[in-house]
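Have a look at the structure below before the remarks.
Residue numbers (this note's numbering): 697 to 949.
Here's what the structure looks like:
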């Protein structure tokens with residue numbers, strides 16, 4: 697039960713800090729107001745960020761499941777607690793550095809969050825997870841993957857990076873292509889169809905945000921969202937078999 701309370705406190709702290717960031721707000725400005733200070737084409741429309749509510753609900757359910765006698769001793773919980781706490785610390789740290797406009801630091805903190813979630817996800821994957829074991833982190837990792845690209849793009853824009861002479865529109869399209877490759881690669885290697893759905897959600901939001909100003913970005917975002925959707929449906933990694941039996945893991949009872 698100690699592990700459950702640690703995870704619960706970590707999650708409660710994340711939700712509290714994120715709420716206070718917009719209620720107070722921290723440093724006199726909300727998270728969205730800072731984002732809106734610059735025109736960053738890769739940033740989705742405001743409604744897209746409501747996905748945080750879904751993430752926190754899913755994480756809450758996951759944490760509570762860890763208190764059940766049937767779940768608490770599974771390696772999915774015993775070997776992920778430290779990583780879950782680490783991801784929570786990075787989440788809180790990102791809010792603080794973002795609100796105080798330390799944007800370069802925010803990129804490194806975001807990369808820390810991304811890295812901790814990748815490690816956590818891999819631990820879960822190695823322990824034959826059910827759909828609900830993996831679901832919260834498929835969504836969380838998917839969104840942080842998108843957010844990392846957005847964070848880097850925002851920071852480069854803030855410091856007036858020249859982009860090697862390429863236009864912001866072209867760099868946005870490149871970012872969308874990179875995200876598409878990542879989503880489809882993840883779908884294929886991890887057999888996870890939820891992760892790429894987060895990219896579709898974000899890409900539609902990017903198209904909506906730019907619909908009145910950048911038709912090229914709108915077209916690319918919608919087109920690549922379709923590519924991800926089709927890939928999610930049809931791109932499946934076949935399991936190796938031997939004499940008709942799967943070689944993933946054989947157990948005899």
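Cβ coordinates follow ideal geometry from the N, Cα and C atoms, glycine included.
Excluding five sequence neighbours on each side, which residues of the same chain lie with their C-beta closer than 7 Å to the C-beta of residue i?
{"i": "residue 880", "result": "892, 924, 927 and 931"}
{"i": "residue 867", "result": "859"}
Cβ atoms of residue j and residue i: under 8 Å apart, would you say?
{"i": "residue 783", "j": "residue 699", "result": "no"}
{"i": "residue 800", "j": "residue 851", "result": "yes"}
{"i": "residue 697", "j": "residue 763", "result": "yes"}
{"i": "residue 755", "j": "residue 832", "result": "yes"}
{"i": "residue 861", "j": "residue 743", "result": "no"}
Quick one: using the 10 Å Cβ neighbour count with 16 as the cut-off for buried, is residue i buried or exposed?
{"i": "residue 847", "result": "buried"}
{"i": "residue 822", "result": "exposed"}
{"i": "residue 716", "result": "exposed"}
{"i": "residue 774", "result": "exposed"}
{"i": "residue 703", "result": "buried"}
{"i": "residue 712", "result": "exposed"}
{"i": "residue 894", "result": "buried"}
{"i": "residue 929", "result": "exposed"}
{"i": "residue 887", "result": "exposed"}
Give a single yes or no on whether residue i has its beta carbon closer than 7 Å to a heavy atom of the ligand NAD.
{"i": "residue 893", "result": "This structure simply doesn't include the ligand NAD, nor any ligand for that matter."}
Could you name the residues of the same chain whose beta carbon sits closer than 8 Å to that of residue i, not counting the 5 residues immediately before and after it, in chain order?
{"i": "residue 869", "result": "912, 913 and 916"}
Beta-carbon within less than 6 Å of residue i's beta-carbon, same chain only, minus the 5 sequence neighbours each way: which residues are those?
{"i": "residue 903", "result": "914, 917 and 918"}
{"i": "residue 810", "result": "840 and 844"}
{"i": "residue 779", "result": "812, 815 and 816"}
Using a Cβ cut-off of 8 Å (strictly closer), state whether residue i contacts chain D.
{"i": "residue 876", "result": "Chain labels in this structure do not include chain D; a single protein chain is all it has."}
| Completely contained alpha helix (DSSP H) runs for the stretch 810 to 879, where each covers 4 or more residues | List check, alpha helix (DSSP H) in window: 827 to 854.
| message | So within the stretch 710 to 771, which uninterrupted alpha helix (DSSP H) runs reach at least 4 residues, ignoring any that extend past its ends? | response | At a cut-off of 4 residues, the continuous stretches assigned as alpha helix (DSSP H) that sit fully inside the stretch 710 to 771 are 727 to 731 and 747 to 761.
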